[in-house]
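Trainee: Residue numbers (my numbering), protein chains in the order written: chain A, 338 to 595; chain B, 338 to 595.
Note that CB positions come from ideal geometry on N, CA and C, so glycine has one too.
Quantities reported herein were computed from a predicted structural model and do not represent experimental measurements.
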């Protein structure tokens, strides 16, 4: 199987490596920035291109791994006819590829990728979708070689999953960043929080998070909440977040009881 | 050393076990609810009491592990003179014990405790404070037997640390609970997010969270943000949180650049 990767960012990089390790051939890496295309292509023994004229349209699979906003534009620039064309976005509908090929689909690895850290895709869920059963079967075949967890979802379900991932990953990471800022402003060592963070995560491996919620909000401990808000007086951003999150804890608890 | 524990909740339980394992004697467990006092006292080979008349004032250490609001009231009910009296609260000043004994201090284990799960206190930071150097030395001696990380902080610093813990532990747990609710509303399996959650945490073991922030907010990907807000239209609580957290990610990034 001959693969062309469109894009050179984190997802392009991790997918490229995974295809390579699964014994596939990545023949080309395209990026508007030839330096970036070169950097990734070199690690994959592929050709780097920055011009669609040089595209090898004899490849079996074209996989678009670029910013969501650019997906449709690039799909149409490819000028494919019936080659398999996939995008890798959690929040973009399959429809973004409509008209760009007769065989279109989605190949969304549900993970947070950074260039600094390699990831074993075998445990990463790959969410797939296609415009027809025959195409879906091909995509499933490709995904099965990379991951043990291949799941078909429609675009609407995939968007919800991606939204859940924003809460579970991006927003939790940000709360930890805020905690670090809070501590360091007062000369406290952020490392002190690490055992707590580990235990928080360890608890939810076996339990639903809502069932192990702790803290002043769930206890309705107004005195502590007020003393925390006093500490945040200088920072309206954090103080508002504190209030909203505390209220949200109470609300979720009511919903799950109701 | 003879210890009396006031309280029967999670912290009382975990500290009781830790003292016991460190070879100390817990002589009494007090709770307003004698059933609860009995449940904990039984596991510690201690006497359960629900009446301050029965308090063994010959003990060396009285440790208050009750709701923050009740600390001062119980401290005064003890009618001690010069026995060592500690509370275990992150967000309560040492001053809550003033006048209740001449030797007062704080013994705050920075961890999230639940009855279902036992915890090795050796890796848990214990934050200590006292009203005089002589008392601090005694508290440090006690804490050193339970944990490898004993740190002296004043009440203001401890409150900030506790606030950081609310962001890093309680609020992150809540975001995971919200993610689970979002997915399950649409019939999606929350387990799908687990590899992502693990990777999110694994990334920040070696990196500052702000430096590994990902997601639509940090990319300023307005199209994705808008599509997420559309998905949350039915839920003003979540939609508002989404907006605030996204804005806060942008704000923190600006602060750290500025």
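Check each residue of the segment 473-502 of chain A: if its Cβ is closer than 9 Å to any Cβ of chain B, include it; give the result in chain order.
Mentor: 486, 488, 490, 493, 494, 496, 497, 498, 499, 500, 501 and 502
Trainee: Quick check: the Cα distance between residue 495/A and residue 463/A, rounded to an integer number of angstroms?
Mentor: 11 Å
Trainee: Any beta carbon of chain A sitting closer than 8 Å to that of residue 424/B?
Mentor: Taking Cβ atoms only, chain A never reaches closer than 8 Å to residue 424/B, which makes this a no.
Trainee: Using 8 Å as the Cβ pair cut-off and three pairs as the minimum, do the segment 407-423 of chain B and the segment 437-452 of chain B touch?
Mentor: yes
Trainee: Can you tell me whether residue 550/A is buried or exposed, with buried defined as 16 or more other CB within 10 angstroms of its CB?
Mentor: buried
Trainee: From 486/A, 472/A and 449/A, pick the residue whose C-alpha is nearest to that of residue 431/A; which is it?
Mentor: The shortest C-alpha separation from residue 431/A is found at 472/A.
Trainee: Alpha helix (DSSP H) containing residue 573/A: first to last residue?
Mentor: 573-594
Trainee: What are the uninterrupted segments assigned as beta strand (DSSP E) that are 3 or more residues long and contained completely in the segment 526-556 of chain A, given in chain order?
Mentor: none
Trainee: If I measure Cβ to Cβ from residue 485/B and keep anything under 8 Å in the same chain, skipping five residues before and after, which residues do I get?
Mentor: 459 and 460
Trainee: Is any beta-carbon of chain A found at less than 8 Å from that of residue 565/B?
Mentor: At least one chain A Cβ lies under 8 Å of residue 565/B.
Trainee: Is there a C-beta anywhere in chain A that falls below 8 Å from the one on residue 435/B?
Mentor: no
Trainee: Name the residues in the segment 518-543 of chain B whose C-beta lies less than 7 Å from a C-beta of chain A; which are they?
Mentor: 518, 519, 520, 523, 525, 529, 530, 532, 533, 534, 536, 537, 538, 540 and 541
Trainee: Could you tell me which residues DSSP pairs with residue 362/A in its beta bridges?
Mentor: 339/A
Trainee: Helix, strand or coil for residue 368/A? Go by DSSP, reduced to three states.
Mentor: coil
Trainee: Going by Cα to Cα distance, which pick from 543/B, 541/B and 527/B is closest to residue 541/A?
Mentor: 527/B
Trainee: Since residue 577/A meets chain B, which of its residues come closer than 7 Å, beta carbon to beta carbon?
Mentor: 581
Trainee: Please list the segments of the alpha helix (DSSP H) lying wholly inside the segment 472-523 of chain B, counting only runs of 4 or more residues, in order along the chain.
Mentor: 492-502 and 509-522
Trainee: If we require 3 or more residues per run, which beta strand (DSSP E) segments fall completely within the segment 400-478 of chain B?
Mentor: Within the segment 400-478 of chain B, the complete beta strand (DSSP E) runs of at least 3 residues are 421-424, 440-446 and 463-467.
Trainee: For residue 560/B, report the span of its alpha helix (DSSP H) as first-last.
Mentor: 559-568
Trainee: Determine the burial state of residue 366/A: buried for a count of at least 16 other Cβ atoms within 10 Å of its Cβ, exposed for fewer.
Mentor: A residue is called buried once 16 or more other Cβ atoms fall within 10 Å of its Cβ, and residue 366/A is buried on that count.
Trainee: Rounded to whole angstroms, how far is the Cβ of residue 560/A from the Cβ of residue 405/B, which I believe are closer than 8 Å?
Mentor: 6 Å
Trainee: Tell me which residues of the segment 444-456 of chain A have at least one Cβ-Cβ distance to chain B shorter than 9 Å, keeping chain order.
Mentor: 447, 448, 449, 450, 451, 453, 454 and 456
Trainee: Against chain A, which members of the segment 541-560 of chain B pass a CB distance test of less than 9 Å?
Mentor: 541, 542, 543, 544, 545, 546, 547, 548, 549, 550, 551, 552, 553, 554, 555, 556, 558, 559 and 560
Trainee: Can you name, in chain order, every residue of its own chain whose Cβ lies under 8 Å from the Cβ of residue 520/A, other than the five neighbours on each side?
Mentor: 526, 527, 529 and 530
Trainee: Counting only Cβ pairs nearer than 8 Å, list the residues of chain A close to residue 509/B.
Mentor: Those are 509, 512, 513, 534 and 537, listed as they occur along chain A.
Trainee: Exposed or buried, which one is residue 587/B when buried takes at least 16 other CB atoms within 10 Å?
Mentor: exposed
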